[in-house]
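Please read the structure below before turning to the comments.
Protein chains: 2
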Amino acid sequence: MTIETAQVLIGSGWRDALGDSTFRAFDPDTGEACGDAFPVATEAEIEDAVRAAVAAAPALAAAAPETVAAFLERYADGIEREAGAIIALAHRETALPSVPRLSDNELPRTVCQLRQAAVAARERSWTQPVIDTRNGLRSSLGPLCKPVVVFGPNNFPLAYNAIAGSDFACAIAARSPVIAKVHPCHPGTSRALAKIALQAARDTGLPDGSVQMLYQLDQDAGLALCGDARIGAIGFTGSRAAGLALKAAADRAGIPFFGELSAVNPVVLLPGALAARGDDLAEEFLGSCLAGSGQMCTNPGVVIVPQGAAGDAFVAAAGTRFAAAAPVVVLSEAVLAGLEQGVQTLVGAGARVVAGEARRVAPGFRFTPTLLDVSADVFLQAPRALQTEAFGPVSLIVRSGNEAATFAIVGELDGSLTGSIHADAAEADVAERLAARLRPRVGRLNFNRMPTGVIVSPAMNHGGPYPSSTAPGFSAVGMPGAIRRFAQLQCYDRAPDGWLPAELTDANPHRVWRVVDGVPSRAPL
Amino acid sequence: MTIETAQVLIGSGWRDALGDSTFRAFDPDTGEACGDAFPVATEAEIEDAVRAAVAAAPALAAAAPETVAAFLERYADGIEREAGAIIALAHRETALPSVPRLSDNELPRTVCQLRQAAVAARERSWTQPVIDTRNGLRSSLGPLCKPVVVFGPNNFPLAYNAIAGSDFACAIAARSPVIAKVHPCHPGTSRALAKIALQAARDTGLPDGSVQMLYQLDQDAGLALCGDARIGAIGFTGSRAAGLALKAAADRAGIPFFGELSAVNPVVLLPGALAARGDDLAEEFLGSCLAGSGQMCTNPGVVIVPQGAAGDAFVAAAGTRFAAAAPVVVLSEAVLAGLEQGVQTLVGAGARVVAGEARRVAPGFRFTPTLLDVSADVFLQAPRALQTEAFGPVSLIVRSGNEAATFAIVGELDGSLTGSIHADAAEADVAERLAARLRPRVGRLNFNRMPTGVIVSPAMNHGGPYPSSTAPGFSAVGMPGAIRRFAQLQCYDRAPDGWLPAELTDANPHRVWRVVDGVPSRAPL
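So the sequence lines, in the order shown, correspond to chains V and Z.
Each residue of the first sequence is one higher than the one before, starting from 100 at the first, in the working numbering.
Each residue of the second sequence is one higher than the one before, starting from 100 at the first, in the working numbering.
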């Protein structure tokens, strides 16, 4: 059997790879390599991509918002048209269920996100125009006029794919060229998406070099790319270790780095909630923990459960479910190794395996769902180690003896994407005090719901305090806020109309909401 | 004569310094040390300050916006009441003119800025509330619940003072405790301000530890403070070298660092403008270059002037004025050394001294206003070196032979706070194309005006692309935008009313503008 080597999308289109180094995806269900060989980018290819993106940047920045909106919509349409093939590829490369995960959740979400970005590009509220008529000053957010590099994660082959997900859509909506570094777990899926993207870019007249894709980078090449002063900003979704290494390179070059890195997403179960619906909570917890085989950014990794009968019953009910759950297929050998390492760290710090075998299982990349627990005292002795993220179907229960212990545990929590409090009506007061304590430690605070399930909404925060993300003021998901990450503030001091973006002109032809002398208004001046 | 050692403002009030290491300010007019001895903070003092600020953070975050507004206003009132003494101190420590600079510009600006922060804290638009009723999601920006460290610069003893300026006002408006690291050029002024601040904090009931001040830090201590994970964010105004060292420490700890670092603030004079009002431009240029003895963040450091008769006349007119200008008093020995070093770098890269002697002059810290020039060709051979900031009364003229050369020069410009284009009506077209090229390289783009003079306005951008600032999406000046630097995005998922800040509740009691299901509105739900 001959393995084809895939072409790369650099500059104006597809071309043969320059280097000899290649890799293949694995079918996680079997553990066997599958599909074509995909090239590791050479230095020359990366330089070509950066040059093409730099060359495209001024033209794309000067393009009409309608142009990028049309591109985003045509791209979305194309993905829908080829949904069947894309889902089949993504399923083979990730083992995520075709139905409902890929077909009913992730693909529609991806398409919807691209379309929301198109709407946001057109309606322009992301630019936040501010006008001071007395002083002749006008400001708005505008394009960086530099390329944005996007690093995609392993766990969402479509909705966070560097060539199709939220960061991609946001950067294009802000009219920056994207150099997408897709995840090597799903190169075939990424190629299929990129083909549609390139065709859509051509059909709608985006400048050559607006959309490019690299399959894999050597570590040094990734660091060099993130430290290249020609880059305007970086969007990253992935592991903390990889993200922090790239962030350090970007930091040294003064390049804004928007990373979504890791989280244990603490869940607090209060006694009243447990008494009222402990068994339901056990079921919801299992569902949240095993969603996407546990490979969700918002996976509930730490659950604080009171001591006493209701807590014991919850742990027993959850444990029974974990023990009965079949091994789940995870994305890669690296995820398996991370799980083994994570469990080892947790156990080394004093956690105990309650249910599940905490081990890999043949065939393919399978791991047994595993529940651990630890006392509040032990947790408080090693709170950093016991917040180690075990990315996959693993959670840690912390048993709290009383309210003071619960508050102490919450006080030791690192920054997370989400935090959840389950409370009964009778314990609203303690829930409120606990919410105030948890609030600064999480990006999204949930009431009586488990953390998984990120709705694409303007009011979403998919982000959080460090180390869950690297920019606590921004969400990675949700238009128009997430677009603002890839923008710069541009002030005009008594400038003629011809210098101004439409949303700052007197006429305000697109009726953008803007703050004029302190008051929001859509009216022309 | 006995030199008193000043007390330090740590924790709940003034106390004796722990360490033996002290420094004194200098009167730049004479070069003599003046005033009391001020202590260099010890490790133990810094730790005490961080602990006090960490302890204050939750209470301050939970305080009513009215409380911080009342503090900011009482502080402003107190500064006004003691204006005479403060101006006398600031004048002695900086040699900046009491009238009009300190009395009519800087002090009123400082007071106005504190009051604008109070208004912004009260009206809450900085929180940018977003509500999605269909999905039960509500988001707004809220307090970091951690201390903010502010580093103040040498050149504005009041308006950017770490204990009274924009960063201070913004952090307090966002309800974060401030640890102010003031500049050692003006410790007496800073102490006078801090006394008023502390009294205002007590009078209005801010938690102990909300307002603290350190006079000086050893380099290692500064790096340790910026890398302390208990800190929520850092605001810095000062030199690029110091700022980047502190930023690196903050970056490693994942702490957002908002630095305003340096700029050459390019000014482009087009031929028509020069022909129409060359002599006026020479006068305006001199005024802008010598404002604050040249020690303005927005000082015009690089001026692009066409070759030919009108350009020659401008250079001659400007040169005559520079040559005739008296030596100016700069802030410190360090500024003098930086000027000598800067001029040496510029000359080493091919610039020529046109007017002025480029040297220090006795008594005190005096330097001769100096104008240099260089050809476009030489500039384009060493564009980095020829953009070296010579902080003080020094500017570089770049002579451009034609439009292509001007565009090439602009294409090599590093990020700056401002850029200015002077054009006649007949050259509107080239001015517009040039503006598009200059736009992504500067924070504020000026038409037919010189860059100095930063108006405190919601539409101001006092910030810019790296290396002029470290966060191109934010201004350091102007409410409410500048407040958002010191905030985190907080999402609530189906949370009870009691968990929500007032601006996210159904009632919206303060009638804050918010985006509800995509539409701006002040109405209750």
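C-beta: ideal position from N, C-alpha, C; glycine also.
Since we're looking at a predicted model, the values are computed, not measured.
Do Ala136/V and the ligand ZN come close, with the Cβ less than 8 Å from some heavy atom? The ligand ZN is not among the ligands present in this structure, which contains no ligands whatsoever.
For a quick check, are the C-beta atoms of Val402/V and Val497/V less than 9 Å apart? yes
Enclosing beta strand (DSSP E) for Gly518/V [first to last residue]: DSSP places Gly518/V inside the beta strand (DSSP E), whose first and last residues are 515–521.
Please list the terminal residues of the continuous beta strand (DSSP E) segment that includes Ala332/Z. 332–336
Any C-beta of chain V under 9 Å from that of Ala424/Z: no
Contact list for the stretch 472–493 of chain Z against chain V, Cβ threshold 8 Å: none
Give the DSSP-derived three-state secondary structure of Trp225/Z in the structure shown. helix
Suppose contacts are defined by Cβ-Cβ distances below 9 Å. Is Val414/V in contact with Val453/V by that definition? yes
Figure out for me which residue from Val434/Z, Asp319/Z, Asp317/Z, Gln298/Z has the closest Cα to the Cα of Gln311/Z. Minimum Cα distance to Gln311/Z is reached at Gln298/Z.
Step through the CB atoms of chain V and report whether any lies within less than 9 Å of the CB of Trp598/Z. yes
Under 9 Å, do Ala175/V and Ala217/V count as touching if we go by C-beta distance? Contact: yes.
Along chain Z, which residues have their Cβ under 8 Å away from the Cβ of Trp612/V? Under the 8 Å cutoff, chain Z gives Pro619.
Starting from Gln587/V, follow the beta strand (DSSP E) in both directions and report where the run begins and ends. 586–592
Phe478/V, DSSP secondary structure in three states: helix
Any contact between the stretch 314–334 of chain Z and the stretch 130–145 of chain Z? By contact I mean 3 or more CB pairs, one from each, below 8 Å. yes
Alpha carbon of Pro482/V to alpha carbon of Ser474/V, nearest angstrom: Ser474/V has its alpha-carbon roughly 11 Å from the corresponding atom of Pro482/V.
Beta-carbon separation (whole angstroms), Arg237/Z vs Ala558/V, contact threshold 8 Å: For a cut-off of 8 Å, the C-beta gap from Arg237/Z to Ala558/V is around 6 Å, short enough to register as a contact.
Which residues DSSP lists as bridging Val473/Z, in chain order: Val497/Z
Give me the DSSP bridge partner(s) of Phe662/V. Nothing about residue 662/V can be reported from this structure: the residues present for chain V run from 100 to 624 only.
Is the beta carbon of Ile333/V closer than 9 Å to that of Lys346/V? yes
Of the residues that make up the stretch 537–565 of chain V, which ones have a beta carbon closer than 9 Å to any beta carbon in chain Z? Arg538, Pro539, Arg540, Val541, Gly542, Arg543, Leu544, Asn545, Phe546, Asn547, Arg548, Pro550, Ile554, Ser556, Pro557, Ala558, Met559, Asn560, His561, Gly562, Gly563, Pro564, Tyr565
What are the residues that DSSP puts in a beta bridge with Lys280/Z? Phe250/Z, Leu313/Z
What is the residue span of the alpha helix (DSSP H) that Pro608/V lies within? No alpha helix (DSSP H) contains Pro608/V, which DSSP labels as neither H nor E.
Is there at least one Cβ from chain V nearer than 9 Å to Arg593/Z's Cβ? yes
Thinking just about the alpha-carbon of each residue, which of Arg543/Z, Gly177/Z, Arg180/Z, Met578/Z is nearest to the one in Val555/Z? The shortest CA-to-CA distance from Val555/Z to any of Arg543/Z, Gly177/Z, Arg180/Z, Met578/Z is the one to Met578/Z.
Give the straight-line distance between the Cα atoms of Leu343/V and Ala594/Z, rounded to the nearest whole angstrom. 33 Å
Which residue's Cα is closest to the Cα of Arg290/Z: Asp307/Z, Ala263/Z, Ala272/Z? Ala263/Z
Please tell me whether Glu205/Z has its Cβ less than 9 Å away from any Cβ of chain V. For Glu205/Z, the answer is no, since every Cβ of chain V falls outside 9 Å of its Cβ.
Kindly say whether Ile354/V, judged by its beta-carbon, lies nearer than 9 Å to any beta-carbon of chain Z. yes
Look at Ala525/V and Leu485/V and say whether their C-beta atoms are less than 9 Å apart. No. Outside cutoff.
Alpha carbon to alpha carbon, what distance is there between Ala424/Z and Thr226/V? Rounded to the nearest angstrom, the two C-alpha atoms are 44 Å apart.
Residue nearest to Asn260/V in terms of C-alpha spacing, selected from Ile185/V, Ala507/V, Thr303/V: Ile185/V
Using 10 angstroms around the beta-carbon of Ser120/V, count the other beta-carbons present and answer buried if the total reaches 16, otherwise exposed. exposed
For Val153/Z, decide whether its Cβ has a neighbour in chain V, counting only Cβ atoms nearer than 9 Å. no
Using a Cβ-Cβ cutoff of less than 7 Å, which residues in the same chain neighbour Ala416/Z once the five nearest sequence positions on both sides are dropped? Answer for Ala416/Z: Gly377, Asp378, Ala381, listed in chain order.
Are the beta-carbon atoms belonging to Gln315/V and Ala268/V less than 9 Å from one another? no
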